[in-house]
Each structure stands twice: as C-alpha cells, then as structure tokens.
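Here is the structure we will look at.
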Ligand code: UDP
Ligand code: GLC
C-alpha cells in the first residue's frame, strides 16, 4: 500500500471532507491529511485515527469567484504553505488533492517533489458555480499535472470535460457509505421526536449547510402551501460565512407566519437519527448538485427523499422508484410532492424501502474504497513508469 499525502483546504466538515474521511481511513497507518485551516474537521479525522497536520493557520482569501489579480495576491500569501507541502510530499508516494485550493498547492508540490497527483473533483466546474479564472486554473492544472481525476458523479465528469478537461484522466467514483451507521432504533426515534416537539407532525428534514444555492428558502415557500401539520427541521449551519442568507431565512419564516412549523437545529452530528425522525427528506439545491450525500443518507435511513432534478441527484434518484424528483426552484411542485407523500403513505413507504436496499448495495463504502484503491494502484504505477522512476 502506498503512502498518501491527502490535502484539503477546509477546517470545516462539508460533504467533500466527510467523504475524505472514508477514503483516507484505509490508509491511516501510512497517510497524512494536510489541512490549510484548523477546525472541527480535524477533530473528526483524529476521532477516526487519521493523522493530520495543519499546514497554515492563515485563512486563504481566494474565493470561488476570484479574478486573476486576487489570484496572484493570494499566491504570494500561500508561498510558505506551498513550501511546507513540497517538503512533506517528498516523504509520500502520492498527493491526493480533495478540493480546488488543494489542487493548486498539490499541483505545485507534485511538480517539485516529482510525486504523482490525484485530484478528487467534488464540484461541477461550470460558470454557475465558479469564476472563469478559477475554472481555467483548475482545468489547466488537472490536465497538465494530475495522473487521475476522480469525479464524484457523471455530472461532475461531464462538466469537467465541457470546461476543457481531459477525458482520458477522469473516472467517476461515487461517495461510499457504511449502511449500518444509518440504522436507528424505534425508541431513539420516539425520544428524539419528543425532545424536538415533533410528535403528531409530518416532519420534513432539510440537511445541508445554510447557503443560498442549497435552497432552504424553496422548502420554506413550499411549506406555506402544505397542510398545517407539515413541519420542517433545517439541519446545518452557515459553514462559509453565509450569515446574510441565515437572516433572510429567519425573516422569510416570520413573514409567512411559520415560526411554529420551522425549526433551525444548527450543525448536528446525529444525522442518521435525525433523518430517521423525519417523514420525508427534502433536497432543494437551486444549482446542479455535484453528488448530494444527503440524498443517499436519507435512502440509507429508509426515509423517502425528494430531490431537485439536476446534476448528480438525477444519477441517484429515479422518480417514483427510489424517491422523487422535482424541478429546481419550483416550490409549488415541491409542495405537491410533499402533500402526495403525506397522503399516500403506503406507496411512499415502499419507495423508501426500495431505496434503502439499492442504496446500501450501490454506495457500499468497502466496494467504493476498493474501486479507489485499484485506480490509485494502476495510476501510480503508470505514472512512475512514464517518469522513468523506480516503482516504490
Ligand atoms: N451534515 C452534517 N451535519 C449537519 C448538516 C449536514 O453532518 O448539520 C452532513 C450531511 O449528513 C452530509 C454532508 O454534511 O453528509 C453534506 O454533504 P452534501 O454532499 O449533501 O452537500 P455539501 O454540503 O457537501 O455540498
Ligand atoms: C461537494 C458537493 C456535494 C457532494 C460532496 C461529496 O461538497 O457539493 O454535492 O456530495 O462534495 O462528494
């Protein structure tokens, strides 16, 4: 097994970071996860006995919409970080970049340390999500320096190729999940519903960081069009400074008089239990979701899921078979599906049960990890052969 240096820019546990925990775990006795910021993600890695190091505690001020000038300025800012990563990379066989900023740093480290580079692409590289400059940087670095790009869905792969990415280096690997972590005892569900004062309610759960493109506002609008026993829990926090959006959400709830029907629970680590306490899980992203971990997690909890029909969600959900799909940004359509689920409990339960069975097979973490191991093995060998270096 190879020694891997994983890189991730975030100190906070977004979906890409939670996915990385599962990927790094099998390598933990010979891997290091290098972070560019400290935070609760590091604690999670440590709880999983995965070695970590924070390479820089200075926030990197390049954003998804940054232009070239800002890019150059931030490059000066990250020079010491790059130095540290290059030195560390020499002790490893492979660099595995899990985010876009990690790709930039990892690509330079790969070049100077002559270590192969893998880029795990968790994003849809389109102008809907990124500036033209960021797109160009990501695609150029991946094309020139990565031996392998792992896309988290077909949708992410397609966007990469459309943005000019090389077709011959990209493979799709879905996120993996341990199905047994998503089983919750009936008594625990009852207790949780009691604590949250959700007894006798039809509970819709929304599990996402609070961010405009995650579309919590769409669910709130839809809720106002549903029968009064329909209640929503919004689970998640503004991880990346979206405080204005949080304010807007609270305002919207007040304006619609929904204070008794919407609960903001903040960031939680008991997602399987909370999902099990719901009657329906809603995914409402307004832009195409690259993959959508919450959709699979709801399925594994045996709860019906309604998702916004775009991006990776279309690969996960077949309408009427293992969930429901609605047009993004259409609260009326969403309200209709919610009301149908409320009325047709038997059909909905069958759909949720089908979903649980198929999701536990399709997204089994052990199988997914084998897929990744095979790709890494094959790509590392190829890469060393092509640079005429001895295979370690
Ligand atoms: N999540 C969590 N606590 C919360 C809200 C969300 O642990 O309070 C988890 C959720 O279970 C999922 C991940 O965060 O595994 C979000 O991943 P997803 O792919 O759905 O979206 P992302 O935020 O990465 O775009
Ligand atoms: C990113 C994407 C999300 C995906 C996750 C794991 O955070 O936004 O859609 O599920 O990565 O791949």
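Numbering (the numbering used here), first residue to last: 557 to 948. Beta carbons are placed, not taken as given, at the ideal position from N, Cα and C, and that holds for glycine.
Residue environment, residue i, which counts as buried when at least 16 other CB atoms sit within 10 Å
i           : result
residue 569 : buried
residue 797 : exposed
residue 747 : exposed
residue 634 : buried
residue 647 : exposed
residue 548 : Residue 548 is absent from the structure shown; the chain starts at 557 and stops at 948.
residue 877 : exposed
residue 824 : exposed
Alpha carbon of residue i to alpha carbon of residue j, nearest angstrom
i           : j           : result
residue 546 : residue 806 : Shown here, the chain extends from 557 to 948; a query on residue 546 therefore has no answer.
residue 906 : residue 598 : 39 Å
residue 832 : residue 663 : 42 Å
residue 693 : residue 839 : 30 Å
residue 583 : residue 611 : 20 Å
residue 774 : residue 886 : 7 Å
residue 783 : residue 860 : 18 Å
residue 525 : residue 873 : Residue 525 is absent from the model: the chain starts at 557 and stops at 948.
residue 888 : residue 564 : 38 Å
residue 821 : residue 737 : 21 Å
residue 802 : residue 933 : 44 Å
residue 817 : residue 847 : 29 Å
residue 723 : residue 676 : 15 Å
residue 657 : residue 638 : 11 Å
residue 918 : residue 912 : 10 Å
residue 788 : residue 898 : 13 Å
residue 726 : residue 592 : 25 Å
residue 742 : residue 760 : 18 Å
residue 562 : residue 644 : 11 Å
Cβ pair residue i, residue j closer than 9 Å
i           : j           : result
residue 718 : residue 682 : yes
residue 763 : residue 827 : yes
residue 721 : residue 756 : no
residue 733 : residue 915 : yes
residue 770 : residue 655 : no
residue 891 : residue 879 : no
residue 709 : residue 935 : no
residue 794 : residue 767 : yes
Shell residues, 7 Å Cβ cut-off relative to heavy atoms of the ligand GLC: 570, 571, 572, 575, 678, 679, 708, 731, 845, 846, 847, 848, 849 and 868
In chain order, which continuous runs of the alpha helix (DSSP H) of length 4 or greater are located wholly inside the region 589-614? 596-603
What beta strand (DSSP E) runs, 3 residues minimum, are completely inside the region 800-885? 818-822, 836-838, 861-864 and 880-882
Contiguous alpha helix (DSSP H) assignments of at least 4 residues, all confined to the region 620-685: 624-645 and 656-669
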